[in-house]
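Let me begin by presenting the structure, written as structure tokens, before commenting on it.
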Amino acid sequence: MKHVMHQRLDLRDGSYALLTDPTLAQTAVIFVHGFLGCPEKTWILFQTLMDSLANAMPWWTAYDAFFYAYKSLQQICPNAAALLDFISDSYPVPKWQKLGATADLVNRKYTSLILVGHSEGAVIVRWAILHRAQSHTSRKPSLVKVRLTEDEVLDARLKLFAPAYWGALLSGFPGLLLRAPVLGSLLRPLLHTSAAYKQLSETSPLLNEIRTRTVALAEKYPSVRAFRARNLFGSKDAVISSEALATDPPAEYVPDHNHVSICKPTPKYLKPLTFVRRDA
Amino acid sequence: MPSELQPRYELDSFEARVIGVRKSRSIAKFPRRFEAMADVESIMLLQLGVELGLFPGAEAENLLKKHGERFFASLKYVETHSLSQVFGSELQILSSGMRTRGLSYVPHPKKLSPDLFDSAVLEMLIHQIGRDFRDNDFTITVSFEPSEGWERHLKGKLRPDVILCNKVTRDINLVIEQYLAFLEHAGGLSDLWGCLEEGPTPPYARDELRRRFRAMHGWRLDLHQREVRKRFERITAIFVRALNSDEELEKIGFDTAHAVARIERLCQDWSGDEGLTLDLPSDSKRGGRLAA
Chain A
5 MKHVMHQRLD
15 LRDGSYALLT
25 DPTLAQTAVI
35 FVHGFLGCPE
45 KTWILFQTLM
55 DSLANAMPWW
65 TAYDAFFYAY
75 KSLQQICPNA
85 AALLDFISDS
95 YPVPKWQKLG
105 ATADLVNRKY
115 TSLILVGHSE
125 GAVIVRWAIL
135 HRAQSHTSRK
145 PSLVKVRLTE
155 DEVLDARLKL
165 FAPAYWGALL
175 SGFPGLLLRA
185 PVLGSLLRPL
195 LHTSAAYKQL
205 SETSPLLNEI
215 RTRTVALAEK
225 YPSVRAFRAR
235 NLFGSKDAVI
245 SSEALATDPP
255 AEYVPDHNHV
265 SICKPTPKYL
275 KPLTFVRRDA
Chain B
67 MPSELQPRYE
77 LDSFEARVIG
87 VRKSRSIAKF
97 PRRFEAMADV
107 ESIMLLQLGV
117 ELGLFPGAEA
127 ENLLKKHGER
137 FFASLKYVET
147 HSLSQVFGSE
157 LQILSSGMRT
167 RGLSYVPHPK
177 KLSPDLFDSA
187 VLEMLIHQIG
197 RDFRDNDFTI
207 TVSFEPSEGW
217 ERHLKGKLRP
227 DVILCNKVTR
237 DINLVIEQYL
247 AFLEHAGGLS
257 DLWGCLEEGP
267 TPPYARDELR
277 RRFRAMHGWR
287 LDLHQREVRK
297 RFERITAIFV
307 RALNSDEELE
317 KIGFDTAHAV
327 ARIERLCQDW
337 SGDEGLTLDL
347 PSDSKRGGRL
357 AA
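Which chain is which? The protein sequence lines are A and B, in order. If you read the first sequence in the numbering used here, its first letter stands for residue 5, the second for the next number, and so on. If you read the second sequence in the numbering used here, its first letter stands for residue 67, the second for the next number, and so on.
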């Protein structure tokens, strides 16, 4: 297989893409970071290992990787709607101008889509899928199945790292401060202005809605691929409940990885690169 | 009003938590000095508990007698090793009283009546000292450790997730874990003093009680001692610098200047010194976020 290096293309609002040779590009992979995450650091080393390990993982040469940026403190539903716009602008034919690219690019048309989310990003991906499905389910019942099956976005493969659809705690320094009430009391009022923080609580009605509706749709329309996701968890995750939805394939667990490290490949930890693979 | 609920339980709990096992990973390094000071603090707290009606007098006396040999030895150690200034006049009162009366309750010249206080708050104050700050590691690290050993504690990279997972190694992560535990302890005490201020307790009684608590408990982090203060400031600087450079906190809009002000306020409350300010390096001082 021809060895190509992905080229970086900056898109609007901090998002960016790593583009392969246009003649090879078949798959669009859209990465969605989590709460307080960032399109660079959340996925650190994906950007370089997809090229440096191309001999061992040649499928990456057929992938264009889009690293989506959004304001993760804000409400989940509008963020999901904005992600859906981004997906529609990227797949199957990227609308570069709408995506904010300034470079003059050769057109490409993808034949498959992979949506990758981490933590809150996984919740947003699933809500975006529900949002997309809703545009069909409100139509005539006899047409719904056909429309859902024909929708290219709903044929996406969902690959989710440590999804937070059962609720999430905070990690890092915010988590440490919250554990210490004396200093946590300075942080808590700031977090309570974040809609996403509240919506990611264990008892969140929104998360319940996402779980219930996704499971119901997956049961009713088993042939629609995007209603089911593959889920990968670190066995040392102390931030979320590590469980897939009832209609998803069984969750996978990686020993010695936590909530942060689960989605960061290294030369010694290649699972994220293979997990995202289209046919995996 | 004094509590009539389970006084014996309170005393048993006090014996188990305060006098009994003292957990510490590094206590073995300084056994005599530390144990002696902790014992003297225990005796003073026991006496205060009887005075305030929290512990039954006769049974508290039995407890004193049970540990009598150890207590007398500790008292003597503190008096003869230039540690007496730590406890101030409270040590003289206790020491002369116990020499005259033996192992029994020593009436305090400024006796406080239990009727002046909310007994629930008093119980919580005793619990706060007995329960939440008993593993002693922070005291050992900041107040007792010689300088070469102290420097070793600061090595390593501060990793909040390691602390959150309770898997700290013996480096800066352990120190910060202890530091945060101390801040919680100081914050807990501050809140309880705040409760007393809101209640009917007259100011003179409140101030006297606070002075005595500080005299018996303040040795665990004596911020008036130059070396202790320097170490505390250094740990604070490391912690605040890490907060300053954390991108997630920045996204949330967390201002570390507020954290520094809070820590400083806790130190003032803890030490009873309203003018106390922490001398921190410029990149961790209050005044807003600074570059990492």
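Using N, Cα and C, we set each Cβ at its ideal position, and we do this for glycine too.
Put simply, the backbone Cα of T24(A) is about 21 Å away from that of P271(A).
The secondary-structure analysis by DSSP pairs N235(A) across a beta bridge with L164(A).
Taking one beta carbon from each stretch, the stretch 44-51 of chain A and the stretch 131-143 of chain A have fewer than 3 pairs nearer than 8 Å; the two do not touch. Note on geometry: alpha-carbon atoms of H193(B) and R272(B) lie some 18 Å from one another. Residue environment analysis places H147(B) among the exposed positions, since fewer than 16 neighbouring C-beta atoms fall within 10 angstroms of its C-beta.
Within the same chain, and ignoring the five residues on either side of A242(A) in sequence, the residues whose Cβ sits closer than 8 Å to its Cβ are L173, S175, N262 and H263. Rounded to the nearest whole angstrom, the CA to CA distance from L111(B) to F183(B) is 16 Å. Assignment of beta-bridge partners to R12(A) by DSSP yields L22(A). Contact annotation: the stretch 149-167 of chain A does not touch the stretch 207-220 of chain A, with fewer than three C-beta pairs closer than 8 Å. Going by DSSP, V326(B) is part of the alpha helix (DSSP H) stretching over T322 to S337. G121(A) has V36(A) and L164(A) as its beta-bridge partners, per DSSP.
In this structure, DSSP gives F70(A) an extended state, which the three-state scheme calls strand.
Distances from the alpha-carbon of P96(A) to those of R183(A), A85(A) and A160(A) put A160(A) closest.
Exclusion of the five residues before and after G265(B) leaves D184 as the residues of its chain whose Cβ lies within less than 6 Å of its Cβ.
Shown here, S76(A) sits in coil according to DSSP, grouped into three states, outside any helix or strand. The CB of D227(B) comes closer than 7 Å to the CB of S175, G176, N262 and V264 in chain A, given here in chain order.
When secondary structure is reduced to three states using DSSP, E256(A) falls in the strand class. Note that the C-beta distance between A84(A) and V33(A) is not below 8 Å. The beta carbons of H10(A) and L22(A) sit about 4 Å from each other, so the pair counts as a contact at 8 Å. Identification of residues in the stretch 171-187 of chain B having a C-beta nearer than 8 Å to some C-beta of chain A yields an empty set.
Counting the other Cβ atoms within 10 Å of the Cβ of D252(A) gives 16 or more, which makes it buried. Looking at the DSSP output, S116(A) shares a beta bridge with T31(A).
Ranking R277(B), K296(B) and R297(B) by CA distance to the CA of G338(B) puts R277(B) first. Annotation: L258(B) to A252(B) spans about 10 Å, alpha carbon to alpha carbon. Three or more beta-carbon pairs separated by less than 8 Å are not found between the stretch 87-105 of chain A and the stretch 179-187 of chain A, which leaves the two stretches without contact.
Judged by their CB atoms, L147(A) and I318(B) are not nearer to each other than the 8 Å cut-off.
Restricting attention to L246(B), D349(B) and E135(B), the CA atom closest to the CA of M164(B) is found in E135(B).
Cα atoms of V127(A) and A233(A): separation of roughly 11 Å, rounded to the nearest angstrom.
Taking a C-beta cut-off of 8 Å against chain B, the contacting residues of the stretch 221-250 of chain A are K240 and A242, listed in chain order. Membership of F183(B) in any alpha helix (DSSP H) is not indicated, and neither H nor E is assigned to it by DSSP. Sorting H122(A), V129(A), S239(A) and M61(A) by C-alpha distance to the C-alpha of T46(A) places H122(A) at the top. Contact with chain A is found for K317(B), since one of that chain's Cβ atoms lies less than 8 Å from the residue's Cβ. Contact with chain B is absent for L204(A), since none of that chain's Cβ atoms lies less than 8 Å from the residue's Cβ. CA-CA distance, F298(B) to Q291(B), rounds to 11 Å. Around the Cβ of E107(B), a 10 Å sphere holds 16 or more other Cβ atoms; the residue is buried.
Restricting attention to alpha helix (DSSP H) runs no shorter than 4 residues, the stretch 119-152 of chain B encloses them at 123-132 and 134-146, ordered along the chain.
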